[in-house]
Amino acid sequence: MSGRFTAMSAAPYEESHLYRLRHTAAHLMAQAVTELYPGAKLTLGPPIENGFYYDIEFPEAIKEADLAGIENRMRELAKLDMPLVRREATDRDDARRIIREECSLGQGEEVISYKLELLDAVPEGQTISFYEQRATDKQGKERLFIDLCRGPHVESTKEVRHFKLMSIAGAYWRGDVRNKMLTRIYGTAFETKDDLQGYLTFLEEAAKRDHRKLGRELGLFMFSPVVGQGLPLWLPKGTVLRETMNQFLRDEQVKRGYQGVVTPNIASIKLYEKSGHILTFREKLFPFMEDPEGETFILKPMNCPFHIEIYRSAMRSYRDLPIRYAEFGTVYRYEQSGELAGMLRVRGFTQDDAHLFVRPDQLLDEFVGVVDLMMQVLKRLGLNDYRARVGTRDPENAKYIGHDDNWRLSEEAIIEACRRVGLDYVVSPGDAAFYGPKLDLIIKDALGRDWQMGTVQVDYNLPERFELEYTGDDSKPHRPIMIHRAPFGSLERMIGLLTEQYAGAFPFWLAPVQVAVLPIADRHVAYARQVAERLQGYPVLGLAPEGEQVAADPGAWTGPNLRVSVDESRETLGKKIRENTKQKVPYLLICGDRDCEAGTVGVRARGEEADLGSMTLAGFLERIQPEL
RNA sequence: GCCGACGUAGCUCAGCGGCAGAGCAGCUGUUUCGUAAACAGCAGGUCACCGGUUCAAAUCCGGUCGUCGGCUCCA
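Take the first sequence: its letters are residues 1 to 628, numbered as in the working numbering.
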């Protein structure tokens, strides 16, 4: 989606002219900053997906209002038409000299301290290059900027015309919290005015699809400061969405041999000491609770240890495996306040979790089954725009536990499973969990940000820690392998994302209200109710405004069980259409005099801003058959 | 948590040292209407909270809480 605003050609973005342009824009911004804020220390300033940034340590904190001044100076500098000249250092000492003497721009040793550090990080044998831009302005003053940089850049600063500085953020030097926080300035640049305007318009449009805005407008979910940060409240319509999705998945899982289990929301700390989460997950745990008798409990951050205890509750034979325990389990994780993001990042969420206990010889088949289920879920949700990432072990890193043979077996199983099911994936070394490789599904939100959704993980660690066993055909104990999996990932994140993907216009099977029946005048309410009752298969509650309860048609209660509302507000038809359209109801059925007489409804479908004419209910049901 | 921005009626926003405002939503009444907003009236506020400056604070300053964009981390 964001690709629309990056490389349009077949060449990768990193090799495009646009990428170079943004890189040059970053240099131009750095030059403006060194002129306006003497003593500012430059660090890194790369192009990124939709623009560029530069991380800078300012002598004094700057504010967003200061961006206009920097932007103006950039425009002034750009017009000087400075060519970007590449220079290569002869060796490391030469590079050091250039940084000290030239990059410092006479502002002292201090301002180039980060650059010297970056120089040290350049791998041995790699050419060390600089990019220089200089010009003499109308007042005869020399304007110069030179930066340690791999390049490449565009020809001249003059090409940097259509740009905008977007925002300020803090960013740790080298991405490490223990380091000093720098000021990051984000900007964007494009080749044409239209492209820049297009991007800004895209951002405005994205804001309209924001799930937080739509969640409120459509009555799906909310947050309350009194309840607490990151703790969502599901409104009736959002709950319909959630339960509909759960039901779909539950049905699929039953067919695939899963068994439902239910476990509590808190557990003794002992459980998590045993699982090891108390150590590895410590900073994500809410504070512990102590009961009056001195026992310590924690709010559950994961479901796995509970399912493991269920596994351990009986002797297991190799004939019992695989065992698949599924639970829509709500977990609580303490996320730092600054990283909460609507429904996409919350502190209490429900995973569509399951744990499979399998024999080594079953690993591949079970994996294929799980990946197949995930594909089916994606298809049903209508999600086509996703990426699958296989996280494997980084051989360089020592944090991974377990035997090499196990890693090889499970990494191969994941990849083979993707192949068999036809799921396109990319392998990402170093993205495995410390206890095993995994497959993640990644989806973009309205703003083009990546979110990890569904996940499958192989785990050799927990069976080890809990000493899980089954008796093999050799009568000896064997250790099962665990597969953790959650096709949605979490209901909160998935529904947040779906809301943005569909801009609130959910597919028919998910729509909280599928059909709205709109009586034109009070005298049509009774008929409208009859229509609703036939579609939903049970009586509408309450009395019609005429004061008479519609006689229930006993034959009617076998309807297609649609979710139907009757708009009995005392408003004009136009108003009712407007309101129900804004609520993104898939079908509106209008009932007036003509319909009451002929036994028809006037049909209006979402997305088609027109009257589709009148039809009988049977005709309507036939029409929507493909969507059921 | 850290950096930056923002908190005015249920929602969207105006007001930015001198009487707290509009539209929508809500309530009441009238209207009973055929494809995206009927008409009229009423009600609705600790201007997020706490403190300070000032004759006077929604407005300026400080702190707290919350939200948003980033960093770090993850479903």
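All C-beta atoms, glycine included, are put in the ideal place defined by N, C-alpha and C.
Residues in the same chain with beta-carbon distance under 8 Å from residue i, minus the five sequence neighbours each way, listed in chain order, please.
i    : result
M222 : G215, R216, P232, L233, L235
Check residue i in the structure and name its three-state DSSP category.
i    : result
W509 : coil
M82  : coil
P463 : helix
R319 : coil
L299 : strand
F248 : helix
V377 : helix
V262 : coil
G613 : strand
D405 : helix
F221 : strand
T24  : helix
K213 : helix
Y33  : In the sequence as presented, Tyr is not what sits at residue 33; that position holds Val. V33: helix per DSSP, three-state reduction.
G436 : strand
G228 : coil
F286 : coil
P626 : helix
E608 : coil
P560 : coil
G69  : helix
S490 : coil
V122 : coil
What does DSSP give as the partner residues of residue i in its beta bridges?
i    : result
R485 : A354, V456
F328 : D352
T188 : K164
E147 : The residue asked about is misnamed: residue 147 is Asp in this sequence, not Glu. DSSP output for D147 lists Y131 as bridge partner(s).
V517 : V566, L589
H478 : Y470
V177 : None; V177 has no bridge partner.
I442 : R387, Q452
Y54  : I185
A206 : None, per the DSSP bridge assignment.
Return the chain-ordered list of same chain residues with a C-beta closer than 6 Å to the C-beta of residue i, the five sequence neighbours on each side being excluded.
i    : result
D440 : R389, Q452, T455
E14  : none
A433 : Q457
D353 : N303, E327, G329, A486
S565 : V513, A516
F506 : none
If you measure between the beta carbons of residue i and residue j, is that distance less than 8 Å?
i    : j    : result
L588 : L518 : yes
E159 : T24  : yes
E429 : D459 : Contrary to the premise, residue 429 reads as Pro rather than Glu in this sequence. No, Cβ-Cβ distance for P429 and D459 is not below 8 Å.
Q253 : L340 : no
G638 : T157 : Any property of residue 638 remains undetermined from this structure, which presents the chain solely from 1 to 628.
A633 : P59  : For the chain, the structure presents residues 1 to 628; residue 633 sits outside this window and is missing.
L468 : I308 : yes
L42  : Y114 : yes
G276 : R479 : no
L378 : Y332 : no
P301 : F281 : yes
T34  : L105 : yes
A68  : L28  : no
S129 : R86  : yes
F297 : I278 : no
P12  : A26  : no
L84  : H153 : yes
I442 : V370 : no
L383 : Q501 : yes
V427 : T392 : yes
F145 : A267 : no
A446 : A206 : yes
I70  : A32  : yes
I481 : C591 : no
Once the 5 residues before and after residue i are set aside, which same chain residues still bring their CB inside 7 Å of it?
i    : result
A7   : Below a pLDDT of 50, predicted positions are generally treated as unreliable, and A7, at 37, falls in that range; no measurement from the model is reported.
N561 : Q536, G537
- Do the segment 488-497 and the segment 513-524 meet, that is, are 3 or more Cβ pairs less than 8 Å apart? no
- When the Cβ atoms of the segment 50-66 are set against those of the segment 161-176, are three or more pairs found closer than 8 Å? yes
- Is there contact between the segment 201-214 and the segment 495-507, where contact requires at least three CB pairs shorter than 8 Å? yes
- Message: For the structure I just gave you, are there three or more beta carbon pairs, one from the segment 187-207 and one from the segment 85-104, closer than 8 Å?
- Response: no
- Item | the segment 243-253 in contact with the segment 300-320 per 3-pair CB rule at 8 Å | no
- May I ask you to verify whether the segment 292-299 touches the segment 356-366, counting CB pairs closer than 8 Å and requiring at least 3? no
- If we count Cβ pairs, one from each stretch, closer than 8 Å, do we get three or more for the segment 576-590 versus the segment 601-615? yes
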